[in-house]
Amino acid sequence: MITDDLMVEFYQTVQQYGEELSAAFSSKDWEQVHKVSHNIKGCGAPFGHPRLSELGAMVCERVDEGEQDSVGVVVGELLAEINGFPA
Numbered sequence: 057m058i059t060d061d062l063m064v065e066f067y068q069t070v071q072q073y074g075e076e077l078s079a080a081f082s083s084k085d086w087e088q089v090h091k092v093s094h095n096i097k098g099c100g101a102p103f104g105h106p107r108l109s110e111l112g113a114m115v116c117e118r119v120d121e122g123e124q125d126s127v128g129v130v131v132g133e134l135l136a137e138i139n140g141f142p143a
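Position in the sequence shown counted from 1, then plus 56, gives you this note's numbering.
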């Protein structure tokens, strides 16, 4: 069972991931973009946010396939999803 305390911790962690992802994307650090997106992918669905996991997976796939030109669109969607969460 996911308690209120766990949800608060989840939202705090995801906000931190969002900051890390934004910084990594801005500096074109694709390895870090992948790493953070992978972490996001793993934590979304278990806490009731499957779209977060889907977007994290999409970012990982684009980075893996060398599609840096299109990864920005998905990173933007992922960050918008994160920014919609309670702080």
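No residue lacks a Cβ here, since even glycine has one placed at the ideal position from N, Cα and C.
Legend entry - Expected contact under 8 Å - CB spacing of Gln71 and Ala143 to nearest Å: What you label residue 71 is simply residue 15 of the sequence shown in a count that begins at 1. What you label residue 143 is simply residue 87 of the sequence shown in a count that begins at 1. The pair is a contact, with the Cβ atoms about 6 Å apart (cut-off 8 Å).
Legend entry - the region 84-97 in contact with the region 123-138 per 3-pair CB rule at 8 Å: Judged by Cβ distances under 8 Å, the region 84-97 makes contact with the region 123-138, as three or more pairs qualify.
Inset, instruction - Leaving aside the five residues before and after Val119 along the sequence, list all residues of the same chain whose C-beta is less than 8 Å from its C-beta, in chain order. - result: By 1-based counting over the sequence shown, the position of residue 119 is 63. Only Trp86, Val89, His90, Ser93 and Val127 meet the Cβ criterion.
Legend entry - Spatially closest choice to Ile96 from Met57, Leu134 and Leu62, by CA coordinates: Position 40 of the sequence shown, counted from the start, is the residue given in the question as residue 96. Cα-wise, what sits closest to Ile96 is Leu134.
Legend entry - His105 - DSSP class collapsed to helix/strand/coil: What you label residue 105 is simply residue 49 of the sequence shown in a count that begins at 1. Note: His105 maps to coil in three-state DSSP.
Legend entry - Outcome for Leu77 when other beta-carbon atoms lying within 10 angstroms are tallied against a minimum of 16: Residue mapping note: residue 77 aligns to position 21 of the sequence shown, counting from 1. The residue in question, Leu77, is buried, as its Cβ has 16 or more Cβ neighbours within 10 Å.
Inset, instruction - Measuring alpha carbon to alpha carbon, tell me which of Gly104, Val64 and Val131 ends up nearest Glu117. - result: For the purposes of this step, residue 117 is taken as the residue at position 61 of the sequence shown. Taking only the C-alpha atoms, the option nearest Glu117 is Val131.
Legend entry - Proximity to His105 [Cα-Cα], best of Ala80, Met114, Phe141 and Met57: Position 49 of the sequence shown holds residue 105. Selected option, being the one with the closest Cα: Phe141.
Inset, instruction - Report yes if the C-beta distance between Ile138 and Phe103 is below 8 Å; otherwise report no. - result: Stepping through the sequence shown from its first residue, residue 138 is reached at position 82. Stepping through the sequence shown from its first residue, residue 103 is reached at position 47. Taking 8 Å as the Cβ cut-off, Ile138 and Phe103 do not qualify as a contacting pair.
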